[in-house]
Every structure is written in C-alpha cells, then in structure tokens.
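To get this note's numbering, take the position in the sequence shown, counting from 1, and add 12. Even glycine gets a Cβ: it sits at the ideal position worked out from N, Cα and C.
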Amino acid sequence: MPEIKIKDIIKEFWKYAKPYKWFLLIFFVVIIANSIIAVVTPLFYKDLFNTVATNSVASDDVVASLIKIVIIILFLNGGSWLLFRLGGTIDAYTSTRIRAEMDEGVFERLQYHSYKFFTDNFAGSLMRRVKRFSQAYDTLSMVIFWNLLSLVVVITGFLLVLFNRNIWLGAVMFVAMIAIVAANVLFSIWKLKYDEDRAQKDTKASGVLVDSITNNANVKLFSGRIHEQKLFTTVREELAKAELISWLLAEGSFTIQALFMVLVEFSVMYVAIIFWQKGILTVGDFALIQAYLIGLFQRLWNIGRGMRKIYEAFADAKETVEILHQPYGVKDKPIAKRIKVNKGKIDFVKVDFNYNKTRKTLENFNININPGERVALVGPSGAGKSTAVKLLLRFHDVDAGKILIDGQNIADVTQDSLRESIGFVPQDPILFHRSLMENIRYGNRKASDKQVMEAAKLAHCHEFIQGLPEGYKTFVGERGIKLSGGERQRVAIARAILKNAPILILDEATSSLDSESEAMIQDALKTLMKNKTVIVIAHRLSTIMQMDRILVMQDGEVVDQGTHADLLDRRGLYKKLWSIQAGSFT
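(1) With burial defined as no fewer than 16 other Cβ atoms inside 10 Å of the residue's Cβ, what is the status of Tyr28: buried or exposed?
(2) Distance check for Val220 and Ile156, CA to CA, integer angstroms please.
(3) Near Thr539, what residues of its chain come up, given a Cβ to Cβ distance below 7 Å and the 5 sequence neighbours on each side ignored?
(4) Where DSSP assigns a beta bridge to Ala388, which residues make up the other side?
(5) Going by alpha carbons, who is nearest to Ala550 out of Leu589, Asp578, Arg350?
(6) Grab the span of the alpha helix (DSSP H) containing Leu36 for me, first residue to last.
(7) So Leu585 and Val564 are supposed to be a Cβ contact under 8 Å. How far apart are they, rounded?
(8) For a minimum of 3 consecutive residues, which ranges assigned as the beta strand (DSSP E) are wholly contained in the segment 298 to 371?
(9) Which residues in the same chain as Met139 place their Cβ atom closer than 8 Å to its Cβ, once the five residues preceding and following it in sequence are excluded?
(10) Does Gly435 pass the burial test, meaning 16 or more other C-beta atoms within 10 Å, or should it be called exposed?
(11) Taking DSSP's pairing of strands, which residues face Phe487 in a bridge?
(12) Thinking C-beta only, is Asp409 closer than 8 Å to Asp364?
(13) So what's Asp409 in DSSP terms, helix, strand or just coil?
(14) Excluding the 5 residues flanking Lys17 on each side, which residues of the same chain have their C-beta closer than 6 Å to its C-beta?
(15) Please confirm whether Gly182 and Leu171 have their CB atoms less than 8 Å apart.
(16) Less than 7 Å between C-beta atoms, sequence neighbours within five positions excluded: which residues of the same chain meet that for Asn67?
(17) For Ile292, which three-state DSSP category applies?
(18) Does the distance from the C-beta atom of Ser200 to that of Ile322 stay below 8 Å?
(19) Using the rule of at least 16 other Cβ atoms within 10 Å of the residue's Cβ for burial, across every protein chain shown, is Thr101 buried or exposed?
(20) Take the Cβ of Leu86 as the centre, count every other Cβ of all protein chains shown within 10 Å, and call the residue buried at 16 or more, exposed below.
(21) To the nearest angstrom, how far is the alpha carbon of Glu466 from that of Arg210?
(22) Using a threshold of 8 Å, state whether the C-beta atoms of Ser92 and Asn46 are closer than that.
(23) So Glu482 is in the beta strand (DSSP E); what residue range does that whole segment cover?
(24) Three-state secondary structure (DSSP) at Gln573?
(25) On a Cα-Cα basis, can you pick out the residue from Ala504, Thr486, Lys485 that is closest to His472?
(26) So for Thr598, helix, strand or coil by DSSP?
(27) For Leu580, which residues of its own chain have a beta-carbon under 8 Å away from its beta-carbon, when the five flanking residues on both sides are left out?
(28) Could you give the DSSP three-state label for Glu15: helix, strand or coil?
(29) Give the straight-line distance between the Cα atoms of Lys23 and Lys357, rounded to the nearest whole angstrom.
(30) Rounded to whole angstroms, what's the CA-CA distance from Ile335 to Lys343? Just pull it up for me.
(31) Let me know if His239 comes out buried or exposed under the rule of 16 or more other beta-carbons within 10 Å of its beta-carbon.
(32) On the DSSP letters alone, give me the boundaries of the beta strand (DSSP E) that Glu375 sits inside.
(33) By Cβ distance below 7 Å, which residues in the same chain neighbour Leu243 in space, the five residues on each side in sequence not counted?
(34) Can you tell me which of the three DSSP states Asp519 falls into?
(35) At what residues does the beta strand (DSSP E) containing Phe157 begin and finish?
(36) Grab me the residues of Ala468's own chain with a C-beta within less than 7 Å of its C-beta, minus the 5 sequence neighbours each way, in chain order.
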C-alpha cells in the first residue's frame, strides 16, 4: 500500500467537512474580521497617547477628543468580543457535527473490512484509531482557524502599518517574523517522526490493555496477572519514553522561541528609540509598537505550540487513514446482486485456499450438498472443516474454484444477502454487552417481543431468562460473560431459530451443554433443521449419528463419506476417530 501523505489525510478530512463549507466560510470571515480589529485597535491607542503627550492642558476639546477615542476603542473591543463568541458558536456546531460524522463514517468503513482484518488487529487499537481521527480534525481546525489564520492576518496587518510608519521598523519586524515562523515550521517537520513514534506506541499500549481486560478470565485461569502486568508495563514504559522525548523537544523549542522573542523585542525597540531621537516616531508610536509586539508574541507563542499540535494531529490521523486506505480483503463486485435461495443446494467446485500463501488448507476441494440434506463435516484438527464453513460464509475469498448456492457463485452476490441466507451457531458464541432481548433479536431485528420469546422457548432458554431479576432486559456482560457456556449456547440457538435462514451451519452447537440441556436442545434442533440444508461441524461424533451424510476430511480433502453405519463398516479414518472417542467400539 502506498505511503500515506498529508494530502491524503486532508482529502479524508474534507470529505466530512465539505457539507458544512458555508458554516466554515462564515467562521473564516469572522476570524478575519476579528483579526483586523486586533490590528486596528492599537492605532487608536496610538492616537490616545499622542493626544495626551502633545496636550499639557486638558481643554474641553482635548477631553472630548480623548472620550471619542475611548468610545471607539470600547466599540472595537465589544465588536471583537461578539465576533469571538459568534466564531465559538459556529465552531462548536460544526466541530461537533463533523466529529460525530467522522466517527460514524470511520466505523461504517471499518465494518466493510474482512474477517481477517479484525483477526489481525487489536480491538483496542482499532477503537483508539477511530477516536483519534476525529480528535485530530478538532485539533487541526482549532489551530488553523484560531491560531494560523489569525496570525497570518495579524502579521500582514502589523507589517503594513509598520512599513507605512517607518520602512526600517517594518523591515526589522518582517525579518524577525519570517525567522520565527520558519524555525517553528522546520522544527515541527523534523519532530514529526517522534510524534508518529509516540502515536504508534500509544496505539500498541491501548491494544495490550484492552486485550488483557477482555481476556481477564484467561488471565485468572492461568495465573497470568504478573505476566500481564509486566507486558503492559513494558509497552507503557515505551510509550512514556516516546512521550518524554516529544515533550522535552517541545520544551527545548519553547526556550529557543522565548530567546527569539526577547531578541526581536530588543531589536524593534532599539530601532524605534533611534527614530524617536530623530523626531520621526512619537510616544503614541511606542504604544502602538508595544501593543503589536504583545499581540504578536501571544500569537507566535501559540503558533509554536500550534505547529506541533498540527503535526501531532497528522501523525494520529495517519494511523487511521492507513486503515481507511487499506484495500478490503473481501468486497462485493460492482454488479453484485442479492442471492436468491430457493432450495439450498451447495456446491464446492475445485476450491483451493490457503491462509498464508505457503501451504494449501484446501486443495481441489469438491463437495455437493443437496437441498434439505443434513451433512456433517468430521476429521482431525486442521483438516479444513472450519475453513470450508468460513469460505461458504465468504469470510475469505477462494484462491481458485468457486462455491455455488442454487447455482449462484457466492463471489457474484452481495455479502449481506449471502449471510442473511445462512444461520450460524458457533461452538463458542460471543454475545453483545446488551440485553438478552437485543441479543436474540439480532437474528431478526424486525421480530416482535413475542417472536423473540417463542424462539427462546424453542431453544429452552426462556426458563432461565425468566428467572433473572430483569428477565429479557438483563444485560449479559461483555462477550456474554455473565452467562454460563450452556446459557450462551442456547441464546445463540434462539437467535438462529429466529433468523430462520434456509441454510444452517452448526459448529458443534451443543458442545457447551450438560446432558439434560443437550437432550432439550437436540429436540429444538430437529425442529430448526426441518426443510433446511444443514452443515454440522462435528467434534463429538455421537452428535451426528443421525445425519443424512457424513464427510470425512483430512489435509483439506474429503477422504470418505457415507452414513454413520457405512463409515463404521469401512474401518477407515472415521472408524479410528470413533474408536478414540468411544473406547467401547472396536
């Protein structure tokens, strides 16, 4: 993937800012107007001081003139305050909306990434990147509008006034401003690599933290508390070092910047004194120059921080844009249509697939499953059973060959319509940290409460749900941690029942149940499997004895197939696996 450049980040920002361009234009005008007031106001202070200095007697005319100047100054300051508030209001509205739409947009685009993308990335890292993108925009808009734009207008105005008053005074100020701004920009560019390193280490630390918290049960089961603490301490200390380097570099630049400003103020005042001695400048000019220097130094001091914030923001945003520009592993074709499943016939035709491009997981893989047929996939670990199911769900694209459902190549249909046609109950169901009602309804988000409860009854989870203090409103905890394995499994089965898809995949759907629960679920599954094409990934062979056909897999190929009785008679791999699990059979 090509390296992400600043222009790529700006393009991504503009996608979300463009709908608010008129608000941003008004904001732009407000900032310019406010900055012009900052240039104009000191001119009246100059007149005020000159009037006082040149009139030793406070006549009525002099006092009237002074009052008039003060009123103008108050009017300008009041106008500046109103413009500042107006700008703040516009900024609050646009930034809030743009940030919200950025978070929503990035989240939506993440959802289009393939299953592999999410297995290859820390959930915590992805979460951090999503938030950083909108935060980076907020930082950039604040610095560019409030600091940079204001600085450009103010510097331009100050220089025009000073050049008009005295060319040498303007020249000294111009050279000084160029030197300070150039030094800040060059330093910020040089420091960018340290900011990018800090951002990467921050993402890594967030990923380790979330991963450890999410897998807290494993941490406790394997007494991994000290190990996890060491692991997090290592990445957090790396982040602390990166933050310290970035901070110290910033502090060093502040020191140099302060010395620059002292030198500038001395140079400007020295030139002003010389021209005052020659009678060219007045006392009011000193007030003007001092006001300009104070206003300028405030902005330049902020611009030093602002430039660093800009490059830090670009470093943060770069990580997000990298994943936004990363090609989707699995994507719909431009002409993809919705799949139409009438019968549920499934064909794997000469399918090749491998995960790491070195060893084929499936090679020349061919199976045919008839409509309404119940087929089990069995075989040792690594035989390719789960891989075949993931390919059918199109979590990955095949390297060669094709997979057909009712004669339709699944690569030519939309992923959403494909998965809507397939019900899936995994071996270890993961639930959302939402209510039981929401988790079951996820199978059919248009289902009524009554339909959800009917599905729960068929899956034999209605009883335990009713026994909970909040019933169907009970939140199940992250990944369903508040429920037992069997309860999670029954909720997953209820979800599949509610979905009522024409094709059903069961990855040992009763593996987490006790004997009593399993007996109840087997009845529910018989009802669920009626008039459906069913694929069962079997780990316990006793659960598939009643399947219409059993496919025995080894090293990515189907090495045998038949009914349970047929396969036992042949004394092949299935017989061996059966003997291992049921020692009484020989």
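Taking the structure as given:
(1) As a working note, residue 28 is residue 16 in the sequence shown. The residue in question, Tyr28, is buried, as its Cβ has 16 or more Cβ neighbours within 10 Å.
(2) Numbered from 1 along the sequence shown, position 144 holds the residue referred to as residue 156. Numbered from 1 along the sequence shown, position 208 holds the residue referred to as residue 220. Using only the alpha carbons, I get a separation of about 34 Å.
(3) Within the sequence shown, the letter at position 527 stands for residue 539. Answer for Thr539: Leu470, listed in chain order.
(4) By 1-based counting over the sequence shown, the position of residue 388 is 376. Val548, Ile562, per the DSSP bridge assignment.
(5) Position 538 of the sequence shown, counting from 1, holds the residue named residue 550. Ranking Leu589, Asp578, Arg350 by Cα distance to Ala550 puts Leu589 first.
(6) Locating residue 36 in the sequence shown gives position 24, counting from the first residue. Leu36 -> alpha helix (DSSP H) spans 33 to 66.
(7) Within the sequence shown, the letter at position 573 stands for residue 585. Within the sequence shown, the letter at position 552 stands for residue 564. That belief holds up - the Cβ atoms of Leu585 and Val564 are roughly 5 Å apart, short of 8 Å.
(8) 358 to 365
(9) For the purposes of this step, residue 139 is taken as residue 127 along the sequence shown, with counting starting at 1. Cβ neighbours of Met139 beyond the five flanking positions: Ser218, Val222.
(10) The residue you call residue 435 lines up with position 423 of the sequence shown. Counting Cβ neighbours within 10 Å, Gly435 comes out buried, since at least 16 surround it.
(11) Locating residue 487 in the sequence shown gives position 475, where the first residue counts as 1. Paired residues: Ser447.
(12) Residue mapping note: residue 364 aligns to position 352 of the sequence shown, counting from 1. Residue mapping note: residue 409 aligns to position 397 of the sequence shown, counting from 1. Cβ distance not < 8 Å, so Asp364 and Asp409 don't count as in contact.
(13) Translated into positions along the sequence shown, residue 409 becomes position 397. Residue state, collapsed to three classes: coil.
(14) For the purposes of this step, residue 17 is identified with residue 5 of the sequence shown, where counting begins at 1. No residues qualify anywhere along the chain.
(15) Here residue 182 refers to the residue found at position 170 of the sequence shown. Here residue 171 refers to the residue found at position 159 of the sequence shown. Yes, these two residues count as a Cβ contact at 8 Å.
(16) Translated into positions along the sequence shown, residue 67 becomes position 55. These residues qualify, in order along the chain: Val74.
(17) Counting from one through the sequence shown, the residue named residue 292 turns up at place 280. Ile292: coil per DSSP, three-state reduction.
(18) By one-based count along the sequence shown, residue 200 stands at place 188. By one-based count along the sequence shown, residue 322 stands at place 310. Cβ distance < 8 Å, so Ser200 and Ile322 count as in contact.
(19) Position 89 of the sequence shown, counted from the start, is the residue given in the question as residue 101. Per the 10 Å Cβ criterion, exposed.
(20) Counting from 1 along the sequence shown, the entry for residue 86 is found at position 74. With fewer than 16 other Cβ atoms within 10 Å, it is exposed.
(21) Taking the first residue of the sequence shown as 1, we reach residue 466 at position 454. Taking the first residue of the sequence shown as 1, we reach residue 210 at position 198. Cα-Cα distance, rounded: 53 Å.
(22) Counting from 1 along the sequence shown, the entry for residue 92 is found at position 80. Counting from 1 along the sequence shown, the entry for residue 46 is found at position 34. Yes, these two residues count as a Cβ contact at 8 Å.
(23) As a working mapping, residue 482 is identified with position 470 in the sequence shown. Run containing Glu482: none; DSSP gives neither H nor E here.
(24) Here the question's residue 573 lines up with position 561 in the sequence shown. Of the three classes helix, strand and coil, the one that applies to Gln573 here is strand, per DSSP.
(25) Residue numbering aside, residue 472 sits at position 460 when the sequence shown is read from its first letter. It is Ala504.
(26) Your numbering for residue 598 matches position 586 in the sequence shown. Because Thr598 carries a pLDDT of 42, less than 50, the predicted location of this residue cannot be relied on, and the following value inherits that uncertainty. If DSSP states are grouped into helix, strand and coil, Thr598 belongs with coil.
(27) For the purposes of this step, residue 580 is identified with residue 568 of the sequence shown, where counting begins at 1. Contacts found: Tyr586, Lys587, Trp590, Phe597.
(28) In the sequence shown, the residue the question calls residue 15 occupies position 3. Looking at Glu15 - three-state DSSP - the assignment turns out to be coil, as it is neither helix nor strand.
(29) Stepping through the sequence shown from its first residue, residue 23 is reached at position 11. Stepping through the sequence shown from its first residue, residue 357 is reached at position 345. Rounded to whole angstroms, Lys23 to Lys357 spans 46 Å at the Cα level.
(30) In the sequence shown, residue 335 corresponds to position 323, counting from 1. In the sequence shown, residue 343 corresponds to position 331, counting from 1. Ile335 and Lys343: Cα-Cα distance of roughly 15 Å.
(31) For the purposes of this step, residue 239 is taken as residue 227 along the sequence shown, with counting starting at 1. Exposed: under 16 other Cβ atoms inside 10 Å.
(32) Within the sequence shown, residue 375 is the residue found at index 363, counting from 1. 374 to 381 is the extent of the beta strand (DSSP E) around Glu375.
(33) As a position in the sequence shown, residue 243 is number 231, starting the count at 1. Within the same chain, Leu243 has close Cβ partners Val220.
(34) Residue 519 sits at position 507 when you count from the first residue of the sequence shown. If DSSP states are grouped into helix, strand and coil, Asp519 belongs with the strands.
(35) As a working mapping, residue 157 is identified with position 145 in the sequence shown. From DSSP, Phe157 is part of no beta strand (DSSP E); its letter is neither H nor E.
(36) Translated into the one-based positions of the sequence shown, residue 468 becomes position 456. Result list for Ala468: Ile452, His474, Ile477, Ala506, in chain order.
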